[in-house]
Amino acid sequence: MNPQAKLLSITSLFLGSTITITSNHWIMAWTGLEINTLAILPLISKSHHPRAIEAATKYFLVQAAASALLLFSSMTNAWYTGQWDITQLTHPTSCLLLTTAISIKLGLVPFHFWFPEVLQGTSLTTGLLLATALKFPPITLLLLTSPSLNPTLLTIMAVASTALGGWAGLNQTQTRKILAFSSISHLGWMAIILVYNPKLTLITFYLYCLMTIPIFLTLDTIKTLKLTTMSTAWTKIPPLTATLMLMLLSLAGLPPLTGFLPKWLIIQELTKQEMTPTATIIALLSLLGLFFYLRLAYCATITLPPNSINHMKQWQTNKSTKMFITTFITLSIMLLPLSPMIFTTS
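Position one of the sequence shown corresponds to residue 1 (full-length UniProt numbering), numbered consecutively onward.
Structure (C-alpha cells):
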C-alpha cells in the first residue's frame with residue numbers, strides 16, 4: 001500500500017475517533033463515525049484479494065446501515081424533545097434505535113454476523129484496529145447515553161453475546177475468527193455492566209485492548225493464521241510463543257493475570273446490584289471461552305510437529321517491534337496488583 005495513502009487513512013482514523021469522542025452534538029458524533037468507516041476501508045481491502053474486497057464490502061454496508069440508524073435515532077429525539085445534545089437522549093424509541101445502531105457497530109449479538117467474516121478477510125494488523133481502536137467511539141457514545149438505556153435489553157444482549165462468543169469460538173480453526181468471537185464475548189461483559197457502572201465498562205475495554213494488542217502482534221510476528229500452523233511456531237521464536245500462552249490465559253480471565261481483574265470487578269458489581277443469577281450465568285459462560293483459549297495455548301506451546309519444518313530461522317527480529325510487544329505483554333499479564341488503585345478511583 002502506498003505510504004502516503006496509509007498515512008492519510010491512519011490520520012483520518014485518529015481524526016474521526018477524536019471528533020466522535022469529544023463531540024456533544026449528534027451530527028458531529030455521526031460525522032466522526034463516518035470518517036472512521038471511510039478511513040478503514042482502504043486498509044481492509046489493501047491486499048486486493050477477493051476475500052479482502054468481500055470483507056470491505058460487508059463492513060461498509062453494515063456500518064452504513066448502523067450510521068443511518070444512529071442518525072435516525074438522533075433526529076427522532078430532536079423532533080420530540082428539541083435537543084441535539086448526546087446526553088439528552090430521553091425519547092424511548094430513540095433509545096431503542098440507538099442501542100440497535102451501536103450494537104450493530106460493535107458487533108453485539110444478534111448483530112454480530114459481520115464481525116468474524118470481516119476479521120477473517122483482513123490482515124492481523126487491520127484486524128487489531130477493528131477489534132480495539134474502532135470500538136472506542138461507539139462505546140463512548142454508549143457511555144454518554146447510559147442513563148437513558150434499557151438495562152433489561154442490554155443484559156439480554158450481553159448474556160447472549162457471551163454465550164454465542166463462547167459457543168461459536170469452540171468450532172473454529174482460524175485464529176482471526178477465534179479472536180473475533182473472543183471480542184464478541186468480551187463485549188458482552190462490557191455491555192452487562194454499562195447501565196450500573198459506566199466507569200467499569202471503560203476499565204474493561206482498556207484492559208481488553210491491553211490484552212488483545214500483544215496477542216495480535218505476536219500472531220503477526222510468528223505469521224500464524226490457522227491452528228494447524230500454530231504447532232510449527234514454537235521453533236521460530238520460543239520465548240514469544242511461551243508468553244503467548246500466558247496472554248491467552250489472561251484473556252480468558254484466569255487469576256493472577258490481568259484478565260481476571262475486569263471479570264472480578266463486574267461480578268462484584270452485579271452482586272451489589274442484586275443480580276447474582278446473572279453474574280453466575282455470565283461467569284459460567286466464560287468457561288466456554290477458556291476452553292478455546294486453552295486449545296490455542298496447547299497448539300502453540302505443547303504440540304510439537306513430528307518432523308522439522310524447513311523455514312528461515314528468525315534469530316533476530318525487529319528491535320522496535322520487540323520492545324513494543326514486550327511492553328504490552330508485561331501489561332497484559334501483570335496488572336492485577338493495581339486493583340486496589342482502581343477500587344479507590346472508581
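Note that CB positions come from ideal geometry on N, CA and C, so glycine has one too. Predicted model, so just to flag it, every value in this text is computed and none were measured.
Would you say residue i and residue j are within 8 Å of each other, going by their C-beta atoms?
i           : j           : result
residue 301 : residue 213 : no
residue 55  : residue 44  : yes
residue 168 : residue 188 : no
residue 193 : residue 274 : no
residue 218 : residue 246 : no
residue 2   : residue 85  : no
residue 329 : residue 243 : yes
residue 296 : residue 230 : yes
Note down the Cα distance separating residue i from residue j, rounded to an integer number of angstroms.
i           : j           : result
residue 77  : residue 191 : 23 Å
residue 151 : residue 79  : 24 Å
residue 279 : residue 221 : 37 Å
residue 148 : residue 110 : 21 Å
residue 323 : residue 298 : 26 Å
residue 259 : residue 282 : 15 Å
residue 116 : residue 122 : 10 Å
residue 38  : residue 272 : 42 Å
residue 234 : residue 327 : 21 Å
residue 197 : residue 10  : 32 Å
What is the residue span of the alpha helix (DSSP H) that residue i lies within?
i           : result
residue 36  : 26-44
residue 209 : 198-221
residue 159 : 151-169
residue 73  : 50-81
residue 300 : Unbroken run through residue 300: none, as it is neither H nor E.
residue 114 : 114-120
residue 103 : 92-106
residue 145 : Segment: none, residue 145 is in no alpha helix (DSSP H) and carries neither H nor E.
residue 275 : Counting along the chain, residue 275 falls outside any alpha helix (DSSP H), and DSSP gives it neither H nor E.
residue 246 : 238-252
residue 181 : 175-193
residue 14  : 3-22
residue 125 : 124-131
residue 227 : 227-230
Would you grab the beta carbon distance between residue i and residue j for me? Rounded to a whole angstrom, and I think it's under 8 Å.
i           : j           : result
residue 66  : residue 27  : About 16 Å; that fails the 8 Å criterion.
residue 71  : residue 145 : That pair is no contact at about 15 Å.
residue 256 : residue 336 : 5 Å
residue 261 : residue 166 : Actually they do not touch by this definition, with Cβ atoms about 20 Å apart.
residue 97  : residue 69  : 6 Å
residue 161 : residue 185 : 7 Å
**Prompt:** Is it a yes or a no for the segment 125-144 touching the segment 5-23, going by three-plus beta-carbon pairs under 8 Å?
**Reply:** In this structure the segment 125-144 touches the segment 5-23; the number of beta carbon pairs closer than 8 Å is three or more.
Three or more C-beta pairs under 8 Å: does that hold for the segment 194-214 against the segment 237-252?
The segment 194-214 and the segment 237-252 touch, with no fewer than 3 CB-CB distances between them shorter than 8 Å.
- Is it a yes or a no for the segment 166-183 touching the segment 194-207, going by three-plus beta-carbon pairs under 8 Å? Too few Cβ pairs lie closer than 8 Å, so no.
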